[in-house]
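> Counting the sequence shown from 1 gives a position; the working numbering is that position plus 26.
Glycine residues also receive a C-beta, built at the ideal position from the N, C-alpha and C atoms.
Below you'll find the structure I mean.
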Amino acid sequence: MVTALLNTDLLVRVEKSDLATHLATLGKIVDGDGKTLDKSKKFNAVLKRYREISAKQTTDVSRRESREKMFVEMVNIIAEESL
Numbered sequence: 027m028v029t030a031l032l033n034t035d036l037l038v039r040v041e042k043s044d045l046a047t048h049l050a051t052l053g054k055i056v057d058g059d060g061k062t063l064d065k066s067k068k069f070n071a072v073l074k075r076y077r078e079i080s081a082k083q084t085t086d087v088s089r090r091e092s093r094e095k096m097f098v099e100m101v102n103i104i105a106e107e108s109l
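Here it is, written out as structure tokens:
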């Protein structure tokens with residue numbers, strides 16, 4: 027989500043090459059092509075909710091804001107897991 031990247035400090039806080047890797051990992055997981063982070067119950071809970079909210083009413087402002095926050099949270103968890 028481009029707006030999440032622009033509205034947060036991810037582009038400043040995370041090295042660009044690492045961020046690209048984290049985003050690719052998240053993309054695969056969200057699409058169902060990647061393995062989930064079995065160690066992280068929190069990640070899986072956020073992912074489940076993200077998928078639920080993304081399923082319908084995608085233009086709803088409050089849902090978009092929620093998805094953005096969850097997106098950033100999942101990227102942060104992936105970054106922590108990869109340390």
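If you draw a straight line from the alpha carbon of A46 to that of K68, how long is it in whole angstroms?
One C-alpha to the other measures close to 22 Å.
> Given a cut-off of 8 Å, decide if T34 and V87 are closer than it, judged by their beta-carbon atoms.
No; because the gap between Cβ atoms is not below 8 Å, this pair is not in contact.
> Can you check whether the CB of E107 is closer than 8 Å to the CB of S66?
Yes, Cβ-Cβ distance for S66 and E107 is below 8 Å.
> How would you write the range of the alpha helix (DSSP H) that M100 sits in, first residue to last?
First-last of the alpha helix (DSSP H) with M100: V87 to E107.
> Assuming I79 contacts S92 (C-beta within less than 8 Å), just tell me the rounded distance between them.
Contact holds; Cβ gap of about 6 Å.
> With T47 as the anchor, note down where its alpha helix (DSSP H) starts and where it stops.
Its alpha helix (DSSP H) spans residues K42 to D57.
> Taking V40 and A105 to be in contact with their CB atoms under 8 Å, please state how far apart those CB atoms are, rounded to whole angstroms.
Yes, V40 and A105 are in contact; Cβ-Cβ is about 6 Å, under 8 Å.
> Could you tell me the boundaries of the alpha helix (DSSP H) in which S66 lies?
Segment: none, S66 is in no alpha helix (DSSP H) and carries neither H nor E.
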